[in-house]
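A.B. asks:
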Amino acid sequence: MLVVGWDRVPAVRTMLMLADREEISRGLVESVQYREIGLRIGRDCWVVSREVGRHGGSEEYRAVVAEQAASVARGRPKMFAVERSPRLCDGWSPASIAGRLPLFTRAIMLVGCLLRRSSGGLRPTGSHPGQGANQSADRA
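Heads up, the sequence shown is in this note's numbering, so the first residue is 124 and it goes up one at a time.
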């Protein structure tokens with residue numbers, strides 16, 4: 124949150140600009156810690172860490188290459204995976220995909236589906252359907 128006067132304004136996430144990426148690149152060349160680079164560009168250190176990791180690591184990071192890759196990644200509209208891959212378009216149906224999954228994967232999916240359908244969902248250990256989580260059963 125940014126504090127402006129007495130009002131609290133939600134911080135707006137903005138994308139890294141080429142100037143930010145160039146500052147990151149300069150900081151990496153100078154062997155500066157991510158925290159210091161983040162302070163220079165007004166971002167958290169984890170933003171710098173993700174940016175560097177996403178675009179080749181501290182040894183391979185190049186600002187212009189990272190900017191081009193980010194621009195491509197931001198491109199809209201994006202194609203679905205099925206549209207991008209001819210193999211996926213080649214006659215696969217949900218049933219044929221499910222038939223190729225290992226048994227334990229199908230079992231997990233089935234349990235998840237059944238839990239979503241049930242009104243009670245998951246119950247705490249040792250509880251019974253008509254009993255709240257903090258109540259204990261009468262054993263007398």
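Cβ coordinates follow ideal geometry from the N, Cα and C atoms, glycine included.
Keep in mind that this is a model prediction, so the values were computed, not measured.
1) Rounded to the nearest angstrom, what separates residue 141 and residue 207 at their Cα positions?
2) Which parts of the segment 191 to 226 are runs of the alpha helix (DSSP H), unbroken and 4 residues or longer, counting only runs that do not cross its ends?
3) How far does the alpha helix (DSSP H) with residue 173 in it reach, from first residue to last?
4) My assumption, with CB atoms under 8 Å, is that residue 144 sits in contact with residue 189. Please give the rounded CB distance.
5) Under a Cβ-count criterion, where at least 16 other Cβ atoms within 10 Å of its own Cβ denotes burial, should residue 175 be classed as buried or exposed?
6) At what residues does the alpha helix (DSSP H) containing residue 185 begin and finish?
7) Under a Cβ-count criterion, where at least 16 other Cβ atoms within 10 Å of its own Cβ denotes burial, should residue 151 be classed as buried or exposed?
8) Report the rounded CA-to-CA distance for residue 264 versus residue 196, giving the unit in angstroms.
9) So the candidates are 147, 182 and 154; which of them puts its Cα closest to the Cα of residue 171?
C.D. replies: In short:
1) Mapped onto the sequence shown, residue 141 falls at position 18. Mapped onto the sequence shown, residue 207 falls at position 84. Their backbone Cα atoms lie some 29 Å apart in a straight line.
2) With a minimum length of 4 residues, the continuous alpha helix (DSSP H) runs that stay inside the segment 191 to 226 are 204 to 207, 209 to 212 and 217 to 223.
3) For the purposes of this step, residue 173 is taken as residue 50 along the sequence shown, with counting starting at 1. Segment 168 to 177, the alpha helix (DSSP H) holding residue 173.
4) Taking the first residue of the sequence shown as 1, we reach residue 144 at position 21. Taking the first residue of the sequence shown as 1, we reach residue 189 at position 66. Yes, they are in contact, since the Cβ atoms of residue 144 and residue 189 sit about 5 Å apart, within 8 Å.
5) Residue mapping note: residue 175 aligns to position 52 of the sequence shown, counting from 1. By the neighbour-count criterion, in which 16 or more other beta carbons inside 10 Å mark a residue as buried, residue 175 falls on the buried side.
6) Along the sequence shown, one-based indexing puts residue 185 at 62. For residue 185, there is no enclosing alpha helix (DSSP H), as DSSP marks it with neither H nor E.
7) Here residue 151 refers to the residue found at position 28 when the sequence shown is read from its first residue. With at least 16 other beta carbons inside 10 angstroms of its own, residue 151 counts as buried.
8) As displayed, the chain neither begins before 124 nor continues past 263, which places residue 264 out of reach and without an answer.
9) Sequence index remark: in the sequence shown, residue 171 carries index 48 (1-based). Of the listed residues, the one whose Cα sits closest to residue 171 is 147.
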